[in-house]
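Visitor: All residue numbers for the sequence shown refer to the numbering used here, where the first residue is -17 and numbers rise by one.
Let me give you the structure first, and then I'll get to my questions.
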Amino acid sequence: MDRNEIKAIIENILFVSDAPVTVKKLVALFEEKLTDDELKRIMADLEGDYASGALRIAEVAEGWRMTTNQEYAQWITNFFKMEKGHKLTRASLETL
């Protein structure tokens, strides 16, 4: 498995995960074929890949997560205000 495939797998996991993903979980996922340091370098690459986009990959206290770009927070908030009865989840609020 090459580095680009590993990055793509991690991107997908971060996209579908409702909680931060830890380095420990990712190392276990790849059956410890990656070291913590290798994985941290890959995560730094992903952070850079997303640095200027609408979405971000951010390191938080509990691990890594995909978040929205703070620049668009007001638009996201306005969208959910239009959706009557639909409230932002705690996780959504944290990512804004």
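Note that CB positions come from ideal geometry on N, CA and C, so glycine has one too.
On a predicted model such as this, the values are computed, not experimentally measured, just so you know.
Any idea if R(-15) is buried or exposed, counting beta-carbon neighbours within 10 angstroms, 16 or more meaning buried?
Guide: The residue is exposed, with fewer than 16 neighbouring Cβ atoms inside 10 Å.
Visitor: In angstroms with no decimal places, state the Cα-to-Cα distance between A(-10) and A55.
Guide: Computed Cα separation, rounded: 26 angstroms.
Visitor: Which runs of the alpha helix (DSSP H) fall wholly inside the segment 11 to 57 and span at least 4 residues, in chain order?
Guide: Taking only runs of at least 4 residues, the alpha helix (DSSP H) segments lying wholly in the segment 11 to 57 are 18 to 32.
Visitor: Return the CA-CA distance between D19 and M64, expressed in angstroms with no decimal places.
Guide: Using only the alpha carbons, I get a separation of about 44 angstroms.
Visitor: Straight-line CA distance for M48 to D27?
Guide: Near 14 angstroms, if we compare the C-alpha coordinates of D27 and M48.
Visitor: Can you tell which of E(-13), E53 and R23 has the C-alpha that lies nearest to the C-alpha of G35?
Guide: Taking only the C-alpha atoms, the option nearest G35 is E53.
Visitor: Please state whether the Cβ-Cβ distance between D45 and V3 is less than 8 angstroms.
Guide: Sequence check: residue 45 is Gly here, not Asp. Taking 8 angstroms as the Cβ cut-off, G45 and V3 qualify as a contacting pair.
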